[in-house]
Structure formats: structure tokens, C-alpha cells
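Protein chains in written order, with this note's numbering: chain A, 32 to 153; chain B, 32 to 153. Positions of the beta carbon are idealized from the N, C-alpha and C atoms, including for glycine. Worksheet for the structure shown next.
Protein chains: 2
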Amino acid sequence: MKDMNCIRKEADLDQIKRCQEQISEAEEAVSALTDKLSLVSNSVRLKILYVLQTEERLCVCDLSDILNMTIPAVSQHLRKLKDRDFVKAEKEGQTIFYSLRNDHRELLAPFFNLIIHQPEAI
Amino acid sequence: MKDMNCIRKEADLDQIKRCQEQISEAEEAVSALTDKLSLVSNSVRLKILYVLQTEERLCVCDLSDILNMTIPAVSQHLRKLKDRDFVKAEKEGQTIFYSLRNDHRELLAPFFNLIIHQPEAI
DNA sequence: AGCTTATTTAAGCAATTGCTTAAATAATTT
DNA sequence: AAATTATTTAAGCAATTGCTTAAATAAGCT
Numbered sequence: 032m033k034d035m036n037c038i039r040k041e042a043d044l045d046q047i048k049r050c051q052e053q054i055s056e057a058e059e060a061v062s063a064l065t066d067k068l069s070l071v072s073n074s075v076r077l078k079i080l081y082v083l084q085t086e087e088r089l090c091v092c093d094l095s096d097i098l099n100m101t102i103p104a105v106s107q108h109l110r111k112l113k114d115r116d117f118v119k120a121e122k123e124g125q126t127i128f129y130s131l132r133n134d135h136r137e138l139l140a141p142f143f144n145l146i147i148h149q150p151e152a153i
Numbered sequence: 032m033k034d035m036n037c038i039r040k041e042a043d044l045d046q047i048k049r050c051q052e053q054i055s056e057a058e059e060a061v062s063a064l065t066d067k068l069s070l071v072s073n074s075v076r077l078k079i080l081y082v083l084q085t086e087e088r089l090c091v092c093d094l095s096d097i098l099n100m101t102i103p104a105v106s107q108h109l110r111k112l113k114d115r116d117f118v119k120a121e122k123e124g125q126t127i128f129y130s131l132r133n134d135h136r137e138l139l140a141p142f143f144n145l146i147i148h149q150p151e152a153i
């Protein structure tokens with residue numbers, strides 16, 4: 032409680048302390064969550080996840096045609112999604128197929144649900 | 032279908048077209064969603080929303096003490112949250128109290144639920 | 001009116017992001 | 001083996017982000 036900015040008389044010190052503890056307990060969960068959300072909050076990556084949900088698997092050049100983007104641009108997005116376990120890669124000949132992993136399906140489900148069933152509610 | 036990158040013989044043109052249409056229909060919803068998620072994917076802002084969920088209302092300097100950040104830093108985050116209707120501001124004397132708006136409670140609920148009840152699942 | 005308190009706004013800056021182009025890998029076909 | 005195809009990696013760069021500090025607003029107190 033060293034550096035206090037709130038010095039007004041109505042300031043509720045107990046409230047501030049309680050909030051600090053609440054955040055302190057949630058610190059790790061918040062970091063883990065924002066780490067994942069920062070991936071999903073990119074529209075190209077959300078689109079990739081969205082089509083992978085219905086298509087089972089797609090290769091890099093499929094996605095490049097679908098999104099109308101260069102292959103390296105798509106590849107770099109896929110690497111981020113793979114690094115954080117959103118997708119997995121399977122090599123078949125010289126083609127690499129990407130598909131959704133189950134790891135974060137629970138996190139993604141509400142987003143897909145919003146997009147499909149109540150887009151006006153966003 | 033002008034610039035095709037996928038020229039391998041197994042390429043499924045129908046699949047690519049279907050995905051393009053799927054994305055085309057979802058375009059607006061995806062933009063609106065990522066616009067909001069990019070706000071929530073910042074850990075400072077998620078913490079602000081998280082404590083506001085339980086505390087009803089807090090002023091800028093409360094939050095500055097809670098988060099151990101400078102007042103302008105907090106103020107700038109609050110402005111973004113306010114611009115996108117996540118929070119509302121009520122002036123009371125020279126103090127400005129911020130509280131959660133109902134607009135995006137549905138979007139936020141799954142996040143708070145994860146943080147509180149199954150942090151290990153993130 | 002002048003001083004303090006609460007907050008916002010603005011300028012500056014380092015770090016991050018997401019693209020582009022070019023080069024490097026690797027598997028396939030000729 | 002050489003050429004083609006699929007993908008990744010790396011360097012470069014413009015745009016964005018989130019902080020810092022300082023200045024501007026605005027409301028209360030003496």
C-alpha cells in the first residue's frame with residue numbers, strides 16, 4: 032500500500048485491497064487467457080479457425096486462395112496458431128494439412144456460435 | 032477465381048469456393064467480434080473488466096491503485112473500453128466512476144467463468 | 001480568487017504486429 | 001539429376017499499441 036493515488040476521503044481502502052487480492056489470484060488465468068485471445072482477435076486467424084471448424088482440414092495454399100492472401104502471410108498465421116496449440120499440421124507428400132486441435136474448442140465455441148447464430152448480437 | 036495458388040491436382044475447387052462463401056457471409060460478424068476481442072485480449076483491460084464485474088463501480092484512481100499503474104495509463108484503457116461500450120462513466124463531483132455496461136456481458140461471461148471456475152482449463 | 005484534487009489529452013518513444021519480397025527446405029515429377 | 005511444387009524462414013518496413021511525462025480541464029476547498 033505504498034504508492035496510493037486515491038487520497039480522496041471517500042476512498043474505500045478495503046475495497047482496493049480486496050480488488051488487489053482478487054486480481055492477484057486471477058493473475059495467471061488472465062495472462063493465459065489474454066495470450067490466447069490475442070491470437071483469436073486477429074480477423075485473418077479467426078477466419079482460418081472458422082473455416083477449419085467446418086472443413087476438417089485445409090492446406091496452406093487452399094487457405095491462401097480462400098483468404099486471398101499470399102502464402103507466406105498465411106503460413107505465418109498458421110505458425111502462431113500451431114505454436115499455441117490451436118491447430119495441428121499433418122504432412123502428406125509435399126502438402127501440409129492443417130486442422131483444428133481439440134485443446135481450445137471450448138474457448139472458440141462461443142465465438143463460432145455468435146458468428147453463426149446471432150451475428151447481430153456482436 | 033483468378034489468382035489461384037493451389038494448382039495441385041487433389042485441390043478441391045468446390046471446397047475452396049464453399050469456404051470463400053462461408054467467410055464472405057461471416058465477414059461482418061468476424062470484424063465486429065475481433066474488434067471487441069482485441070480490446071479484451073489486453074491483460075490490463077481484462078483485469079479492469081474483471082474487477083468491475085464484482086465491484087459495481089470504481090474510479091480511475093481506485094483502478095490506478097489496484098493495478099499499480101499510473102493514472103493516465105489507466106485512463107487511456109478506460110477510454111478504449113468506453114468508446115466500445117464495455118463500460119460507462121458517471122461523474123460525481125470531481126470523481127468519475129466507471130462501471131460495466133450490459134452491452135457485452137454475454138461476450139465476457141465465458142471469460143469470467145473460465146477465470147473463476149476453471150483457470151487450469153485455459 | 002488561488003490551491004488542491006481528479007481526470008483527460010497530447011506528444012514522444014520503444015515494442016509488437018502483420019504484411020511484403022526473397023531466399024531456403026523439402027518432396028515430386030520429368 | 002534437374003525442374004517443379006508446397007511450404008517455411010528471414011529481413012525489412014509501415015502501422016499499431018501501450019506506456020511515459022507534461023500540459024490542459026474541471027470541480028472542490030480555503
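To test your reading of the DSSP string, which unbroken beta strand (DSSP E) runs of 3 or more residues are found completely within the segment 95-150 of chain B?
118-123 and 126-131
Report the partner residues of A/L89 according to the DSSP bridge assignment.
A/Y129
Taking Cβ to Cβ, would you say B/I146 is nearer than 8 Å to A/L68?
no
Leaving out five residues before and five after A/V75 in sequence, what residues of the same chain have Cβ atoms less than 6 Å from its Cβ?
H108
Under 8 Å by Cβ, that's how I've got B/I79 and B/C92 pegged, so tell me the actual separation to the nearest angstrom.
With a Cβ gap of about 13 Å, B/I79 and B/C92 do not count as contacting.
Would you say B/F117 and B/C90 are within 8 Å of each other, going by their C-beta atoms?
no
From the DSSP output, in three-state form, read off B/S43 for me.
Sequence check: residue 43 of chain B is Asp here, not Ser. DSSP places B/D43 outside both helix and strand once states are collapsed to three, so it counts as coil.
Examine chain A for any beta-carbon lying closer than 8 Å to the beta-carbon of B/Q107, and answer yes or no.
no
What does a CB cutoff of less than 8 Å around B/N73 pick up in its chain, not counting 5 residues either side in sequence?
H108
Are the beta-carbon atoms of B/A60 and A/P150 separated by less than 8 Å?
For B/A60 and A/P150, yes; Cβs fall inside 8 Å.
Under 9 Å Cβ-Cβ, which residues of chain A neighbour B/N133?
Result: empty, since nearest Cβ-Cβ is about 12 Å, beyond 9 Å.
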